[in-house]
Structures are given as C-alpha cells and as structure tokens.
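Protein sequence lines, in the order shown, are assigned to chains W, Z, H and R. Under the working numbering, the first residue of the first sequence carries the number 12, and numbering increases by one thereafter. Under the working numbering, the first residue of the second sequence carries the number 12, and numbering increases by one thereafter. Under the working numbering, the first residue of the third sequence carries the number 12, and numbering increases by one thereafter. Under the working numbering, the first residue of the fourth sequence carries the number 12, and numbering increases by one thereafter. Where is the CB? At the ideal position from N, CA and C, for every residue including glycine. Before any comments, here is the structure.
Protein chains: 4
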Amino acid sequence: MDFRSDNVAGAAPEVMAALLEANKGDVSSYGADPFSAELDAAFSALFDHECKVFPVATGTAANVLSLACVAPGYGAIYAHQDSHIVVDECNAPEFYTGGAKLVTLPGESGKIDLAALDAQLALGWTGSQHSAQPSAVSITQATEAGTVYSPDEVADIAHRCKAHGLKLHMDGARFANAVAGLNCAPADLTWRAGVDVLSFGATKNGAMAAEAVVFFKPDLAESFLYRRKRGGHLFSKSRYLSVQLLAMLENGLWLRLAREANARARELAEGLGKLPGAKVVWPVQANEVFVQLPTAAAEAMRQRGALFHTWSEADSLYRFVCAFDKTSDDTAALVQAATAALK
Amino acid sequence: MDFRSDNVAGAAPEVMAALLEANKGDVSSYGADPFSAELDAAFSALFDHECKVFPVATGTAANVLSLACVAPGYGAIYAHQDSHIVVDECNAPEFYTGGAKLVTLPGESGKIDLAALDAQLALGWTGSQHSAQPSAVSITQATEAGTVYSPDEVADIAHRCKAHGLKLHMDGARFANAVAGLNCAPADLTWRAGVDVLSFGATKNGAMAAEAVVFFKPDLAESFLYRRKRGGHLFSKSRYLSVQLLAMLENGLWLRLAREANARARELAEGLGKLPGAKVVWPVQANEVFVQLPTAAAEAMRQRGALFHTWSEADSLYRFVCAFDKTSDDTAALVQAATAALK
Amino acid sequence: MDFRSDNVAGAAPEVMAALLEANKGDVSSYGADPFSAELDAAFSALFDHECKVFPVATGTAANVLSLACVAPGYGAIYAHQDSHIVVDECNAPEFYTGGAKLVTLPGESGKIDLAALDAQLALGWTGSQHSAQPSAVSITQATEAGTVYSPDEVADIAHRCKAHGLKLHMDGARFANAVAGLNCAPADLTWRAGVDVLSFGATKNGAMAAEAVVFFKPDLAESFLYRRKRGGHLFSKSRYLSVQLLAMLENGLWLRLAREANARARELAEGLGKLPGAKVVWPVQANEVFVQLPTAAAEAMRQRGALFHTWSEADSLYRFVCAFDKTSDDTAALVQAATAALK
Amino acid sequence: MDFRSDNVAGAAPEVMAALLEANKGDVSSYGADPFSAELDAAFSALFDHECKVFPVATGTAANVLSLACVAPGYGAIYAHQDSHIVVDECNAPEFYTGGAKLVTLPGESGKIDLAALDAQLALGWTGSQHSAQPSAVSITQATEAGTVYSPDEVADIAHRCKAHGLKLHMDGARFANAVAGLNCAPADLTWRAGVDVLSFGATKNGAMAAEAVVFFKPDLAESFLYRRKRGGHLFSKSRYLSVQLLAMLENGLWLRLAREANARARELAEGLGKLPGAKVVWPVQANEVFVQLPTAAAEAMRQRGALFHTWSEADSLYRFVCAFDKTSDDTAALVQAATAALK
C-alpha cells in the first residue's frame, strides 16, 4: 500500500523489454545512436507539429534546461508558489539560468491565479534596469494539487505571455496524467494553446529514468546542446534514454499507463470521499488524491501499513499518489485501511 | 570492428540482470532505496577505507560535482591540457564551480608534467586578491593517452597538493582499466596515495549509465546532496543507478571486465605494433591504443569497416579503444584490416 | 523641490574636500593606500567592536558581496518582499551567491512579519536535499517604508537566526538615518542585537559613491577579497573610496548629516500631515515620508515643480525623501505646493 | 620615484575640477543625469561612429561586462596568456559570463601569436556539443608588455574573428597610451579595424575611477543595462562617473595626458637602455618600460628609493610604468639611481 509517490514504482515491463532489446550491439554514442535519431519524428507525430526533442534523465534537468533557454540570469520567471521548480529543486532553476528570479504566485488547487499574474505583469518591469526582466511563465501539468489546466486555461496564460513578450514553459512531469484526465489531444494542451516548451515526463509514468524536453519552436532550442552538456546531462550511452521514450510512445503506452493511474486515483477518491471524517479537497483530475483526515486516523492507517505523504500537518491534509502499476486491489486495500481507521 | 570508444558498447549482462531484478516492487525514492543504502559500505570495503559515495548517471556530472566540492568560483584547478574536464565537458567544471579557472598543464602521454605544475604553484597566487586561488589538481586515471599514473606518481602530485593546501581529484572514468593495468589495490591508487575524491567510472566499463563519486574525506562531501540536486542529478528512481554500481562491484565484475578490455588493447598493440608503417606512440597500460599510420592506410582500414577516431590529423595519429565486450576475434579482425591496408 | 530620492543630491562639502586632499601624491593601489589602512580601526571604534571593513562603490555591491559570504548557491535568504535586494537589484543577489533563492516575506510598514518568518523556518528545510538551505535573513535599516527596526526588533530576528543556524545581514543603505532616528549607539543596532554583517551606506547620506561592508565576525569575511575582485569592485585607486568613508566618520559627520535629513522629513510629515486630504501612512522614523494624496493633488504639486515618486498608483501613495542637504526652506516650499494643490 | 603602476597617481586637476563642478545641485540618478546623457554623443564624435557607451568605475568591470555581452557561459574566449583578464581579475570573466572558458594563447611581447590563434580556431569546435563554443577574442591595447597592436595587426585578428563568427573585444585600460603611441585616429584602431566592443580606460590615465564600455555595434549592448545592474556597477549618483569621462575627452585631455606618460617612458627607456648591464627587452610603444637588470642593481635602486615591479624574478626583468603626471625630473632621478646602482 505504497501511495507516497508515483516514483516508488519500478518501470513498466514494456520499458524494460525495450532496454534489453536496445542493449544489443555497438552503436554511436552521445545522441548519435539510432534510437535518439527517431525522437524528433516520434514526438512530432504525437504532437502533430514539428518538434525538437532532447532526452534527459530527470525531471529537474528537463525543467531547468528548458527554463535556461527562455530566461536569462537577469530574468524573472513566474510560477505557482507550490510548484516543483519553486520548492523542490534546490535552486536548480536559479543555477541553470544563471540567477533568474522565480516570482511566486498564489492560486487555488495548484493553478496560478490569473489576477496575481496580471498584477505582476502590470508592474511594468520590462525595460527597467533595476528589475528582473519578465521572461517566462512556468505552469505544471498536472499540478502539484493533482488538478489540470484545461486547454482554455493554458491559453489564458499564454495570451498574457504573448502580450508581454514572455515564453510559456510547461512542467509536464505528469503530462500523461493530464492528457489522460482531459482526454484531449496532446497538441491542444500545448502548442495550440500557446506552450513554447514542455518537460514531457516519463519517469513517474513507467519509465526508469527518462524525460523529454520538447521545443515547439525550434529556434528556442539553439543553445540546448551546449547547456545540456555543461549541465552534465548528455548520456554517453544515449540509446538507453531514448529507447525508454520510444517505448512509452509506442502504441500509446504512455496514455494507457496514465489512464490506469488516473482510474486508481478516482477509485481512491470515491472510496475515501464517502467515509465519515474524510474530505477530498481538490478535484481529482490526474493520479493524485488529497484528503483531509483526522490526524489519528492517518496514523492508524499508517500502522496498518499504508504509506502516503503528509501534505500539510496544520491542515491534516494527506496526499495519495497512484503509480501506473497500482491495481484496484491496492486501492481497495487502502480504502479498507481508511475505513477501519476512521471507525 | 567498432573501436571508436568504450561507450559504443552496451551494458554487461550482469548489469542488465541486476536492473531487471531491482525493477521489482515499490521502494523509496531519491536515494532512500535499499540499493543506495548499500553503496557506502560496498565502496568502503572495496577501498579498505571509510568512503562517502554518491551515484550519478554521467562522468561529467561525477567530475564537476566533485570539483565543486573542492574549488570555489574564485579558485584555480590545475589539469592536463588534454584532459576531459578541459576539452570535452563544454565548460561544465566552470559552471558547477561557479566560475573556477582550469589552468592547463602540458605533459607527455597524458600525464601532468611535474615541472609545469611546480612552476604554477611557485607563482604564489594563494592569498593574492587579484588571482584565482589555487584550490585543486585533477588528474585522469587512466589518462586520455591510455597511460596510467603509478601510485608513486599520484603521490608525487598529492605531496604538492598538500604542501600548497590543494585538494586532489581523480577523474576515474577508466579507473577500472587503470587498476587492472597496474594490478594494484584500489586503495594504493587513491587515498593511500593522497587522492581526496574520485570519480569512479562504471559506464565505459559495462554499466548502462552509472558513476560513483567517492569521497575519501567525508567532510568534503558536506554540500554534495544540495549540489547534486540543484544540478538535476538526483534520480527519483535512484535504485537504478545504485544497483548498476553494486552489480559492477559484485564478485569483482568491474575488474574482470576491465582486464578483458585491457587484454584486447594489448592484443591490438602487439598486432598493430609490428606492422610496417605503424607505430604505437604511447605505452598501452589500459584499454586504449594510439597508433600512427599513414593516412591512406587509415582510410583503407575504414573502407574495410574499421571504426576508430582520428586523434591528430596533423600527426596521422589514431585512437583505438577496446570496450569490455570486445573479443580476440574482434582485435584479430582489426589487425587483419590494418595488415591489408598497410600493404 | 526634488524629493525623489536622497541620491539626487551631490556630495557633502566635507567629502569633496577630503577627496581633494587625498588626491595629492602617489600612494599604493588596490587597498594598500594609507586611507584604506585606517578603515578597520575607524569602524571598530565607531562600533565599539572589532570589525573587518571593506569599501565598495555601490549599495548593491555591498549587499550582494555580503550575502555571498553568508549564503551558498543552494541557500535561501529571507527578506521583506519590498526590500531593495528583492525588487531593485536586478537579480544581483542571485548572481553573486551563485543562485540562492530570496524567499520573500510580508510585513507591515517595511518590516518583516515575524509570524511569516517563523512559518518559513518551521518548514524544516534544513538538511532536505530538495530544498534551498536556510542560510540568512536580510533586513533593511531604515526600511523601504522609512521606518526603523528597534534594537529589540533586530534582536527578535537575530534570535531566530541563531536558533536555526542562519546569519543576519543588515542592508544599511540608510543606516545613518536609522541610528539618528533611534538615537542609539551603532553597536546596539548591530552586533549587540545579533547582526553579523552590515552594508553601511554613505552614498545616500552625503558621499559621492562609497559604502562599507562591515563584518562583525571576521571569519565570515574570509573570501571577501576574492569575491570583491571577481565582482569587479576592487578600485585600483582605492584611496578615493576609503577617504570618503573616513570623512563621513570624522567628527560624526555621518550622524550630523542624517539628523538633518531626518529633521527635514519630520518637517514634511508635520506640514503635509495636517493638510486636508493628505495622510502620512507610516511612522516617519528616518528621512522618508509616505503620503496618500488625491491623484489630482499630486499632479498639481508636480506642475508646481515638486519632484517625488509615486509609490503605489493604486493607493495614491507618494514618497518624499529628504537628502542631507535639504533645507527647511525646501520643505516649506513643498508643503506650500501641497497646500495649494489640495485646495 | 614611484614607477610601480600608473594607478599610484592621483587624478588630473581637470578631472577634480569637473567633479567639483558636477557636485552642484540636484540631478536625476542612475544614469539619467545630464552628464551621462552626453556620453554617447561625445564618444561617437571621438570615434567618428555611432557608439553606445556605458560608464563603470573599474577596468575589470568594463572588461567582464563587455565579455558577458559577447560570450555565453558555454563559450570560449581567446586571450593572451599574460593578459589582465587571464591573470589579474580573479575569475571575473568566468563569473560574469556564467562560466566561459578563457583559452590562453602565447605570443611575443604581449601580443597574441596568430599561428596559435589559427591552431585553436582550426580545431573546429563550433557546433560540437562537447566543446566550449568559440565566441570572442580579447586583445589588450596597449599590451601588458607595453607594446601596441598596429591597426593592421588588429585587423589581422578581426578577420579571423569574422571568418569564424567570433566577436572582438579590446581591453583598452591603456587605450589612450596606445593611440598616443601610434598617433593614429581612435577609429583606425577600433571599429575600422574590426573591434566590436572596447573597454576605454580612463583611470590609469588621470581619472579617479572611470572607464567607458564602448559598443561599436549597438545591438551587442542589448543586455548591458541589466548585466551592469546585477553586477552592482550602476552608480546611483551616476554624474560622478560620467563627468570624469567627459572631462577626459574635453579638449583632448585624454591624449595630452597619455602623450606625457609615453614621453616619460621613452625618456626612461633611453636613459636606462644605454646603461651597461641594463637591457630594454620590448619596444617601448606606450607608457611602460621593461628592463633586464642584475638583481643586485635592482635592489640597489630600491634602496635609493625607486619603486617598481619585479616582472619576472627568473629573468631579472623589471617593469617601470609612467603615470600621466610624472615629470622629466622624475625620470631623470630614476635613471640617476640606476646609473649609480649599475656602477
């Protein structure tokens, strides 16, 4: 009953099989292997748009290498105050951009409050030598609260970016879960809505360690190769990164796995939501469920073997994340543990 | 006949098997998995010394995170002018240290010339506010020329470091090949000789993508966790990095593989060395062979399917690297191609 | 009637005279001149404590070089959301620290809200590899709102710093005005209250361009010389920086000038405060006055030649800063303009 | 008899007078003062070309802010191995560029050896993800050896820059001495020869602390304002920087002072050159003289009160620098001391 995160899971069998297959024989290194050569085409097909794609091993690398391509050291990046780049990456965005400032914005259920963003943009910092130069907005999809921005919501932010000369980055560590949750075309949620660059996550969704940085405007990627190498993120045996991504895209595996994870989250939400004393606080639109529980009940669940994160001790708020390989039996067991604990 | 680099090879079967085994079940993430928990003990046993060990995925990451722990942004790091950190890491050392200067030193067959190092240290920059502060020396083992520093040679450099308050880093991307070549104890080549921190390479030697940063003085590692994370090098599914390293250490696999690779290099050197018109220019002490050949002969070999790097066009110098999985048949085929080409 | 800032003023005659005097003859450069040699003793006497002092030319340089000595690139610095280092230094703190994060805190009238600080410190980020490491608090004295922290208020923050292993930096761009306003010993407001390093401002208070970084704990200054040089802030003709600071300290000029400026601000506050339609919003404790005025009245004052900043357009809030050389006639003229405008 | 450097001198009377004059009254700050407003026009007239000009207080700031505009963190900058940016700026170039690599080149008498530059450019690093990207060449005028590049020599380097897509920076800390030495138009030595950006030095030549960054291609300056501010190099009372530069340009003061200094150097060279046992080693083309002397003689001169730098202890090589305000009596006194010492 491990619902602490989707990264407690291993990799999907299809990914492991692809790795074994790719292990055969000698191939060129540093991105010149035949698997890496397929990435641009594979993602361009997926997004119905010409993409420039670079594989890296971690979500933080994907995020901060992306951000470094759209914000200089004297720039400002606007992001939700609870976002991963703000609270969970130990200043990696500042490091890779050479010192850009993350301007934090509030917002309900993990989504940037548009009025707060407008207020920041209205400060008119652009062109003032004293001020960090407004450069980019970064949104998370699905958000840290397990919610998703609709294509229209993304476009609302993108319009503001365009109007003020900013780029729009999407941290898609759980992009698959968002697309699965919205049941929309990947294109609708990204470049059609105005996203410039996407961190396409695969690790949480069943890869071993693989993320794709997807540029929808190739000219933004001009310096990427150099930034990736000087970040230490170019794999010599690059085949192993690329083949994971290809395996995820093959036959829609990425969406199939994400739909499973999302279905488990809905089961959890349903099961926990009707228990007396439990309250699901945010819409369950991806693979995460946030539940308020009496502290004693949470403790009792843990004694029964359930693993999950305390999101806010003050609010008795707990997070349950469903990995791609959780089963309905797993969620049922958790609901049972909760039922017992809440008695 | 791919002798371009040891990174054109795949991973050893033992490593793949370990990855498959580690793929089972849920485990804690971000270094709290049971495999990562074994690293310190495994390497401490290997080196007969208390070590603090951190897995990362690339050699560049290992090198530059190490260097960032021993040199500030206003520091100077002394390294061979042909070393990987100087010519092949796209300013990653400068990036991670916050701007330290790599002071390049000449030296025969890939090894730092001691007189050149002495001349630099004699400048007396320490304490001068105008000057990069002497902070560390970095040596490569085995060197880019396929040679190795003996324990005494390492100690010669280490003594100078100690005398001037510098730390000694070893880029051990091919550390296994060096140990195999010298047939010495890992300890003799590192902490006993005065090395402070080692990039222990596994990728070139049969891992998929795994290197260990090994601190022989734990206090130097104080900031490592934060530097690794802000570099984007902390794996969420950390088990996959650590298990590769454990598999390499298990039953001495790392040395067994390196010995094979070295043996192949000796076969090549012997076979090529006696051909008329071919000259092996540096001692073959690890898994690399550098051979001068008439340009036309090199071209003819390539037409016969041999793959290898041109090391210096001006000198008609070519590099042949033997991966762990090359066979005596492979080297024989290359020698045959050379024989035909040189006729 | 130029009340836009204290930096619209020139330098005090005493400072100019000292510069002329220092201009004579050859002296050693780069800090080895006889004026620079006096700084440590002069400030140690002023603060009744052993100090390590470094002159620089700008307030931003003083702030960010200080901060770089107390916070690493993976660190977090807590500061008021309106502070100069947060909104007016174009990411200089991030640049000089190598990427530290400025965590912004709210607070009435320019002072950090203690509960907000406590909430941040209670997050327990220290030791978590995912999180910027809590490293320092920076407070501004006098604040951007023209208020001052009392010695007790400084100590309240310092206690929290000590309890959590943080350093306390004071941006004293208007430190003289704060000391003059409180009529306390400089020591009481700094090291006795727990301040570790102070940016002692002189430029706004009558110097041409000179600030002193004052370390109350000499060991924190270990890397300062190198950081200053690589920031490009070491003057070759260093005498000109140091002599300005000495002139300010001589016979208490710094306090005399600050008292004048503060007196002018009180005159303004009194004069404007009793006008119908005008409201002084924050206590006037230094040399700045913040007044709410009908927009039309502010406009009318400007047409009469009054110069001042709009602090908040939304709140019709205006800032009036009194330089050291403003006279009672100047303030009377401004009040007269306001009186006329408010009719 | 202080010939240690031109920075042991004070400021020229004309500069002090201009500072006093500029001290009157209130003016806008942060570059919006009337003096700063004149800079672009004044330098554009001087160089017979549209220039974008920014004043800063130190030569290091001028150099590294320039370089940061022409080289990214993953870039390579080619410079002479003895140049100020390489050996005397404590990694400021690396800091401001975000980690660019200074590739050092040899060369007689302070000038870059063209063959060595060609060899570097022939490596073909451009576009290789492993390599620092060739971005700029920086030359020093006059050089650290007191020699000057002729306009043709500058053009020789500039052609190479253009052919490889590099920018050309000139560190003109002693630009005035070079122009005076060559008796050429400032334009001939800069943009007409292919220089993109110039650090125009005034401090060593009689200013208190003022240098101008002069962009001959305005689009290169796009980010300068932000880089200057985040470097802490924007003066609040900016009038004091700008008026120094204007005073230097007025009525050709800068050239008049440089001609004086150069004349003194020639006097020294002549006087010392004919002494038995003394040898002037490099052509005296600016205001510096490098002389080989028996160590004992140098010591004897110092005992007679002569101050000068030991350039190379191994070579018994000494440097004598003539500031703008040295007189023929001063040089005669030094020659006399040398004559006595060499007996």
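Span of the beta strand (DSSP E) around residue i
| i | result |
| --- | --- |
| M181/Z | K178 to G183 |
| A111/W | Taken as a continuous stretch (DSSP letters only), A111/W belongs to no beta strand (DSSP E), as it is neither H nor E. |
| E32/W | No beta strand (DSSP E) contains E32/W, which is instead part of the alpha helix (DSSP H) from P24 to A33. |
| S210/H | V208 to G212 |
Buried versus exposed, by CB contacts within 10 Å (16 or more), residue i
| i | result |
| --- | --- |
| L209/R | buried |
| G86/Z | buried |
| A73/R | buried |
| L134/R | exposed |
| N194/H | exposed |
| N18/Z | buried |
| Q152/W | buried |
| A29/H | buried |
| E105/R | buried |
6 Å Cβ shell around residue i - same chain, five flanking residues per side excluded
| i | result |
| --- | --- |
| G42/Z | S249 |
| A79/Z | Y107, T108 and R238 |
| S120/Z | A156, T158 and W293 |
| S47/R | S249 and S253 |
| H244/R | V67 and A72 |
Contacts around residue i, its chain only, beta-carbon distance under 8 Å, and the 5 residues preceding and following it disregarded
| i | result |
| --- | --- |
| H376/Z | Outside the displayed range of chain Z (12 to 354) lies residue 376/Z, so it cannot be described from this structure. |
| H170/Z | G205 |
| A289/Z | L283, V302, Q303, L304, A308, A349 and L353 |
C-beta contact flag for residue i and residue j at 8 Å
| i | j | result |
| --- | --- | --- |
| S253/R | L50/R | yes |
| L279/R | L200/R | no |
| P7/R | K63/R | Residue 7/R is absent from the model: chain R starts at 12 and stops at 354. |
| W202/W | F227/W | yes |
| S149/Z | A213/Z | no |
| H180/R | V81/R | yes |
Cutoff 7 Å; reference residue i; Cβ partners in own chain excluding five residues on either side
| i | result |
| --- | --- |
| P117/Z | Q92, D124 and A127 |
| N273/R | N188, A191, G192, A297 and N298 |
| S218/H | Residue identity differs from the one stated: residue 218/H is Ala in this sequence, not Ser. Excluding positions up to five away in sequence, the list reads A22, V26, Q255 and M259. |
| T321/Z | Y329 |
| E271/H | F335 |
| E310/W | none |
Run of the alpha helix (DSSP H) containing residue i, from where it starts to where it stops
| i | result |
| --- | --- |
| E278/H | L264 to G284 |
| H175/Z | P162 to H175 |
| L231/H | Where L231/H is concerned, there is no enclosing alpha helix (DSSP H), given that its DSSP letter is neither H nor E. |
| F235/W | F235 to R241 |
| G316/H | No alpha helix (DSSP H) contains G316/H, which DSSP labels as neither H nor E. |
| N216/R | No alpha helix (DSSP H) contains N216/R, which DSSP labels as neither H nor E. |
| L256/R | R250 to L260 |
| D199/Z | P197 to L200 |
| V97/R | H95 to V98 |
| G288/Z | Careful: G288/Z lies outside any alpha helix (DSSP H) and carries neither H nor E. |
| F186/R | F186 to L193 |
Proximity test, residue i beta-carbon vs the ligand ATP heavy atom, cut-off 7 Å
| i | result |
| --- | --- |
| N74/Z | Inclusion of the ligand ATP in the displayed structure is not the case, the ligand content being empty and no account of it being possible. |
Uninterrupted beta strand (DSSP E) stretches inside the segment 112–146 of chain R (no shorter than 3 residues): 112–116
Contained alpha helix (DSSP H) runs [length at least 4] in the segment 14–87 of chain W, N- to C-terminal order: 24–33, 45–48, 50–58 and 70–81
Minimum length 4: unbroken alpha helix (DSSP H) runs contained in the segment 299–353 of chain W: 306–314 and 339–353
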